[in-house]
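A.B. asks:
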Ligand code: ADP
Ligand code: ADP
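Residue numbers (UniProt numbering): 590 to 818.
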């Protein structure tokens, strides 16, 4: 599960400036794909169409061969997990925040998800020396920690497809790489990862799609794209 196809997809917010122009590509299940390219190129729009925040103008988006217009909304929400750019957390414990939206998951799995998102041990130490336990109330998290909580929440949900929209761009490069590695290793070949990023700092991408002016400007592996430049 988790194969994604965009088949001649167009979409416009404003008919004078189409955001996506007849875009087609295929992502095999379990692969990690990076959407790169300049701001305004259409990366976020691709992700929004993929979880049906908007419907396509024309063309089709398929998940596992099925047009997502014909898939029940709940089943799409279950299959597609989104890690947003900014996450607003509840003023509660880290565990509560990871568990949120998935309250039936066993606590053991919550700890596993936390660990996978690099929330190590049960004690967190912040750059200012502040320590907390993942089960303690009163969050004082940095942007990076919040993103880890959001990623842990998505890992716990265990969807077939995970979308990250610049979710790690605000972090320093080392943290960003750690998180991308962690995510890739926990999801392995089971989960399709689609990561939108202004810069091509994505590690471990099986395929890179360069999106520019609403079109696929280039497509290939990291090495293939390097050869062309
Ligand atoms: P990227 O994610 O690559 O930065 P976007 O998908 O956000 O690109 O944007 C593609 C185009 O659509 C841009 O021209 C952008 O200004 C426009 N756009 C994006 N979101 C909206 C919106 N909510 N309303 C109107 N236009 C939008
Ligand atoms: P991105 O997250 O792709 O970088 P931006 O930061 O440019 O998008 O956009 C922030 C918000 O503004 C998003 O909700 C997006 O949908 C909206 N937006 C982006 N471009 C436009 C636009 N041209 N007109 C209206 N809203 C837009």
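Using N, Cα and C, we set each Cβ at its ideal position, and we do this for glycine too.
For clarity, every value in this text was computed on a predicted model and none was experimentally measured.
Express the C-alpha separation of residue 665 and residue 746 in angstroms, rounding to a whole number.
C.D. replies: Using only the alpha carbons, I get a separation of about 13 Å.
A.B. asks: Taking its Cβ as the centre, do 16 or more other Cβ atoms sit within 10 Å of residue 690, making it buried, or is it exposed?
C.D. replies: Exposed: under 16 other Cβ atoms inside 10 Å.
A.B. asks: Do three or more CB pairs link the segment 637-647 to the segment 800-812 at distances below 8 Å?
C.D. replies: As far as the Cβ criterion goes, the segment 637-647 does not touch the segment 800-812, which means the pair count is below three.
A.B. asks: Evaluate contact between the segment 692-708 and the segment 767-784, counting only Cβ atoms and requiring at least three cross-stretch pairs below 8 Å.
C.D. replies: Yes, the segment 692-708 is in contact with the segment 767-784.
A.B. asks: Using the three-state DSSP reduction, which class does residue 664 fall into: helix, strand or coil?
C.D. replies: If DSSP states are grouped into helix, strand and coil, residue 664 belongs with the helices.
A.B. asks: With contact counted as at least three CB pairs below 8 Å, one residue from each stretch, are the segment 653-669 and the segment 597-610 in contact?
C.D. replies: Output reads no: the segment 597-610 does not touch the segment 653-669.
A.B. asks: Three Cβ pairs or more, each shorter than 8 Å: is that satisfied between the segment 690-701 and the segment 738-752?
C.D. replies: Because the criterion of three Cβ pairs below 8 Å is met, the segment 690-701 and the segment 738-752 touch.
A.B. asks: Report the option in 815, 799, 814 and 813 whose CA atom is closest to the CA atom of residue 633.
C.D. replies: For residue 633, the nearest C-alpha among the options comes from 799.
A.B. asks: So, using beta-carbon positions, are residue 622 and residue 741 closer together than 8 Å?
C.D. replies: No. Outside cutoff.
A.B. asks: Once the 5 residues before and after residue 767 are set aside, which same chain residues still bring their CB inside 8 Å of it?
C.D. replies: Around residue 767: 707.
A.B. asks: From the DSSP output, in three-state form, read off residue 699 for me.
C.D. replies: In this structure, residue 699 counts as helix in the three-state DSSP scheme.
A.B. asks: Given a cut-off of 8 Å on the beta-carbon distance, is the pair residue 749 and residue 668 in contact?
C.D. replies: For residue 749 and residue 668, yes; Cβs fall inside 8 Å.
A.B. asks: Using DSSP bridges, identify the partner residues of residue 781.
C.D. replies: Paired residue(s): 750.
A.B. asks: Let me know the secondary structure DSSP gives residue 739 once reduced to three states.
C.D. replies: Three-state DSSP puts residue 739 in a helix.
A.B. asks: So, with DSSP's three-state summary, where would you put residue 611?
C.D. replies: Looking at residue 611 - three-state DSSP - the assignment turns out to be strand.
A.B. asks: Give me the Cβ distance between residue 600 and residue 646, rounded to the nearest whole Å; I'm assuming they're in contact under 8 Å.
C.D. replies: Confirmed, Cβ separation roughly 5 Å.
A.B. asks: CB-CB under 6 Å to residue 751, same chain, minus the five flanking residues each way: which ones, in chain order?
C.D. replies: If we look at residue 751 and ignore the five residues flanking it on each side, its Cβ neighbours are 670, 743, 780 and 782.
A.B. asks: In whole angstroms, what is the alpha-carbon distance linking residue 643 and residue 814?
C.D. replies: Spanning the two alpha carbons is a distance of roughly 31 Å.
A.B. asks: Starting from residue 774, follow the beta strand (DSSP E) in both directions and report where the run begins and ends.
C.D. replies: Counting along the chain, residue 774 falls outside any beta strand (DSSP E), though it belongs to the alpha helix (DSSP H) covering 762-776.
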